[in-house]
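Protein sequence lines, in the order shown, are assigned to chains A and B. Our numbering numbers the first residue of the first sequence as 95 and each following residue consecutively. Our numbering numbers the first residue of the second sequence as 0 and each following residue consecutively.
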Amino acid sequence: MKNVSKRISCYSADTAGICSALYELGGLTVVHDASGCNSTYSTHDEPRWFDMPSRIFISALTEADAVMGNDEKLISDTVKAAKDLKPEFIALCGSPMPMMTGVDFDAIAQEVERRTNLPTFGFSTNGMATYLEGASEAFYTLSLYFSEKREQRADTVNILGATPLDFGLNGSVEAIKAFLTENNFRVGACLSMGASLNDFRMLSEARVNLVISQSGVKTAKYLYDEYEIPYVCAVPVGKFFSKQVLKALEDPSEQVFKNGSGSEVCIIGEGIYSKSLASELLYKGIDANIISPLETDKGVLSQNDAQVYSEEDIRAYLKEKKPKTVIADPLYSFVIPKGTKHYPLAHFAFSGRCYTSKILNFIDREIDIQI
Amino acid sequence: MIKFALYGKGGIGKSTVASNISAILSGKGFKVMQIGCDPKADSTALLRGHKKIPAVLDAIREKGKNVSLSDITYISDSGVVCVEAGGPIPGLGCAGRGIINALEKLDELKAFEEYGIDAVIYDVLGDVVCGGFSMPMRKGYAEKVFVVTSGEKMSCYAAANICMAVDNFKNRGYAGLGGIILNRRNVADEEKRCEELARDFGTSVIGRIDRLKEIEQAEIAESVLKNYAPGSVAFKQIETIAENIVSICGGE
Numbered sequence: 095m096k097n098v099s100k101r102i103s104c105y106s107a108d109t110a111g112i113c114s115a116l117y118e119l120g121g122l123t124v125v126h127d128a129s130g131c132n133s134t135y136s137t138h139d140e141p142r143w144f145d146m147p148s149r150i151f152i153s154a155l156t157e158a159d160a161v162m163g164n165d166e167k168l169i170s171d172t173v174k175a176a177k178d179l180k181p182e183f184i185a186l187c188g189s190p191m192p193m194m195t196g197v198d199f200d201a202i203a204q205e206v207e208r209r210t211n212l213p214t215f216g217f218s219t220n221g222m223a224t225y226l227e228g229a230s231e232a233f234y235t236l237s238l239y240f241s242e243k244r245e246q247r248a249d250t251v252n253i254l255g256a257t258p259l260d261f262g263l264n265g266s267v268e269a270i271k272a273f274l275t276e277n278n279f280r281v282g283a284c285l286s287m288g289a290s291l292n293d294f295r296m297l298s299e300a301r302v303n304l305v306i307s308q309s310g311v312k313t314a315k316y317l318y319d320e321y322e323i324p325y326v327c328a329v330p331v332g333k334f335f336s337k338q339v340l341k342a343l344e345d346p347s348e349q350v351f352k353n354g355s356g357s358e359v360c361i362i363g364e365g366i367y368s369k370s371l372a373s374e375l376l377y378k379g380i381d382a383n384i385i386s387p388l389e390t391d392k393g394v395l396s397q398n399d400a401q402v403y404s405e406e407d408i409r410a411y412l413k414e415k416k417p418k419t420v421i422a423d424p425l426y427s428f429v430i431p432k433g434t435k436h437y438p439l440a441h442f443a444f445s446g447r448c449y450t451s452k453i454l455n456f457i458d459r460e461i462d463i464q465i
Numbered sequence: 000m001i002k003f004a005l006y007g008k009g010g011i012g013k014s015t016v017a018s019n020i021s022a023i024l025s026g027k028g029f030k031v032m033q034i035g036c037d038p039k040a041d042s043t044a045l046l047r048g049h050k051k052i053p054a055v056l057d058a059i060r061e062k063g064k065n066v067s068l069s070d071i072t073y074i075s076d077s078g079v080v081c082v083e084a085g086g087p088i089p090g091l092g093c094a095g096r097g098i099i100n101a102l103e104k105l106d107e108l109k110a111f112e113e114y115g116i117d118a119v120i121y122d123v124l125g126d127v128v129c130g131g132f133s134m135p136m137r138k139g140y141a142e143k144v145f146v147v148t149s150g151e152k153m154s155c156y157a158a159a160n161i162c163m164a165v166d167n168f169k170n171r172g173y174a175g176l177g178g179i180i181l182n183r184r185n186v187a188d189e190e191k192r193c194e195e196l197a198r199d200f201g202t203s204v205i206g207r208i209d210r211l212k213e214i215e216q217a218e219i220a221e222s223v224l225k226n227y228a229p230g231s232v233a234f235k236q237i238e239t240i241a242e243n244i245v246s247i248c249g250g251e
């Protein structure tokens, strides 16, 4: 049986990605799911839940409502909540049960919008895709709706693809902003940590977009098509690679990543982050490549990198390639061959709050990994 | 591009009407795709001379993500691109969910763009029994729904249910009601009943098909009327319906 995780965790799902992307934007997010599932999306997958309020609700879908197609309950409850809470927009997203009964979220969103006069978006998430796909759809949909044509500012960079699912709450996103500011850039929108809905309105002011995870790629492509804003996919980690990122922001046609065969180090994780870290190691003379078990833009991976999704394929790849060290979330220890060193680098979307002290901030700083 | 769906009670002749309309539109220069939305996978049988083709869900079951358009389409002699959604193993699974999967797969493979389709016919099983069978009338799919009925009581009853479903979905941006197609069974007051049905839902009877032998004979010959009896009364009646549908759907 393929794609079964027997010993390792699996990544957060698409619905969690939507909730995370929209968390700080002042909207009302309603997940159409059974009662009791709220914690899945808003606490287990959301470190901000304890300190920062957000309006994330579960519709408390019952068996009878699902079987009878009682969409009206979801619609009227959402409309009532919107009248009480006065959000800036409404997002409706799905889960496995409504997927099975074929709930039409776009149509329900249209109905809710008609009754509330609030921008309402339907997301047909079903828990089968990853958080990156969910967050990507959320960023893209809101960019499509709220971005407006503004005068471009030569010094401005947007940051696209920021969620705690990839960066935790360890100061990495703030460090990226500080790094850009220190290097004479003005940070425009940041989708979407330390952000508001206004960030979407000012997207077109930027001269270039810095895409720090796959969840920002679709929006970056849209902004390129719509406003001709070029983009660079990279996270400015390390002292060497961060300089390359600055060069690429000045000239986005420049190739930012370095490619290695991975004889010494193999990094498992989100594609853009892992590739950035591998590039820093290559600048330091360490041969590194990556395994991406998550969807990754083709332009990011080289032929020496692996797009491998299943536990057994990851295990087989490592067994065959025999890297000296694997940098990966602590929960990957179960598939790393004996004799191979494991450097733990936690990823919130994979191990949640289990290893928060090991979600490291490598932005623009010396990386000292003993291989 | 025009996109419309045919609904109606089981056995009323939707697939026969759909296949003949497809062949006629193809003859008039349209690039037509007929999509059977029924687990029996027999909507396009007349177009393909009952030659067996793999249904979309069968292909997905067999090939998973590696399904290509050529695995699930068949070009008929008359140039119609035939697709059958198919369904789960009889007695198991969920047929409605199957229709959704099949139509989403066609979207994913960009079927209309790849074949340069300019007329799409969704031939949908029986009544709008659940979310899956309303899929062809959702936004982005059919723009108009045409209901095939006779004057028989149960057929009119099913037709009224379908019209009500279309009406219920009017705030959702779904397909509107295009009209009623009367497929005569020669029961008493047939014309009157269908006119009444149409009036009740603010639409009209857009065409009538008499109970004619050539239709039955063409079916036995496993052929559409365009090939079997192109000058026949039945052919001309369905041709009129096809022209009316194109006009109602805003085609040229």
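Backbone N, C-alpha and C define an ideal beta-carbon position, used for all residues, glycine too. Keep in mind it's a predicted model, so treat the numbers as computed, not measured.
Note on geometry: alpha-carbon atoms of A/Phe183 and A/Ser290 lie some 12 Å from one another.
Annotated as proximal: B/Val204 and B/Glu194, with beta-carbon spacing under 8 Å.
Residue B/Lys13 holds the alpha-carbon nearest to the alpha-carbon of B/Ser154 among B/Lys13, B/Met0, B/Ile1, B/Tyr114.
Taking 8 Å as the cut-off, the Cβ atoms of A/Met191 and A/Ala128 count as close.
Residues of the segment 174-199 of chain A with a Cβ closer than 7 Å to any Cβ of chain B, in chain order: Met194, Thr195, Gly196, Val197, Asp198. If you check the CB distance, A/Ala203 and A/Gly216 come in under 8 Å. Against chain A, the beta carbon of B/Met134 has neighbours under 9 Å at Gly196, Asp198, listed in chain order.
Between B/Lys169 and chain A, the shortest Cβ-Cβ separation is not below 8 Å. Per DSSP, the continuous alpha helix (DSSP H) segment holding A/Val161 begins and ends at 157-162. Residues of chain B whose Cβ lies closer than 8 Å to the Cβ of A/Glu205 are, in chain order, Asn170, Arg171. Between the alpha carbons of B/Val146 and B/Glu221 lies a distance of about 24 Å. Of B/Gly250, B/Lys104, B/Ser133, the smallest CA-CA separation from B/Ser69 is found for B/Lys104. Using a Cβ-Cβ cut-off of 8 Å, B/Cys193 does not count as an interface residue toward chain A, since no Cβ of chain A sits closer than that to its own. Residue contact check for B/Arg137 against chain A: a CB pair falls below 8 Å. Residue pairing of B/Lys143 in beta bridges, as defined by DSSP: B/Phe3, B/Gly175. Closer than 8 Å to the CB of B/Ile88 there is not a single CB belonging to chain A.
Distance check between A/Leu179 and each of A/Gly393, A/Lys96, A/Cys327, A/Leu122 places A/Leu122 closest, using alpha-carbon atoms only. Within the model, the alpha-carbon separation for B/Gly95 versus B/Leu102 is close to 11 Å. In the same chain as B/Ser18, and ignoring 5 residues on each side of it, the C-beta atoms closer than 6 Å to its own belong to Leu45, Leu46, Val223, in chain order.
In the DSSP annotation of this structure, A/Tyr437 is not part of any alpha helix (DSSP H); the continuous beta strand (DSSP E) holding it starts and ends at 435-438.
For the segment 71-102 of chain B, the set of positions with a beta-carbon nearer than 9 Å to some beta-carbon of chain A reads Cys93, Gly95, Arg96, Ile98, Ile99 in chain order. Around the beta carbon of A/Glu231, 16 or more other beta carbons lie within 10 angstroms, which makes this residue buried. Its chain contains Tyr437 as the residues whose beta carbon lies nearer than 6 Å to that of A/Ile463, once the 5 sequence neighbours on both sides are disregarded; these appear in chain order. A residue is called buried once 16 or more other Cβ atoms fall within 10 Å of its Cβ, and A/Thr219 is buried on that count.
In this structure, B/Leu176 lies away from B/Thr148, with their beta-carbon atoms at least 8 Å apart.
Judged by DSSP secondary structure, B/Gln216 falls within the alpha helix (DSSP H) whose first and last residues are 212-219. Judged by DSSP secondary structure, A/Phe215 falls within the beta strand (DSSP E) whose first and last residues are 214-217. In the displayed model, A/Val125 falls within a strand according to three-state DSSP. Our two residues, A/Ile361 and A/Gly255, have alpha carbons roughly 20 Å apart in a direct line. In the three-state scheme derived from DSSP, where H, G and I count as helix and E and B as strand, A/Ser386 is classed as strand. At least one CB of chain A lies nearer than 8 Å to the CB of B/Gly131.
Per DSSP, the unbroken beta strand (DSSP E) holding A/Leu254 starts and ends at 250-254. With at least 16 other beta carbons inside 10 angstroms of its own, A/Gln338 counts as buried.
Judged by beta-carbon spacing, B/Ser25 lies within the 8 Å limit of B/Gly78, meaning their Cβ atoms are closer than that value. Following the DSSP letters along the chain, one finds B/Met163 in no beta strand (DSSP E) but inside the alpha helix (DSSP H) bounded by residues 152-167.
Taking 8 Å as the cut-off, the beta carbon of B/Phe3 is found no closer than this to the beta carbon of B/Asp117.
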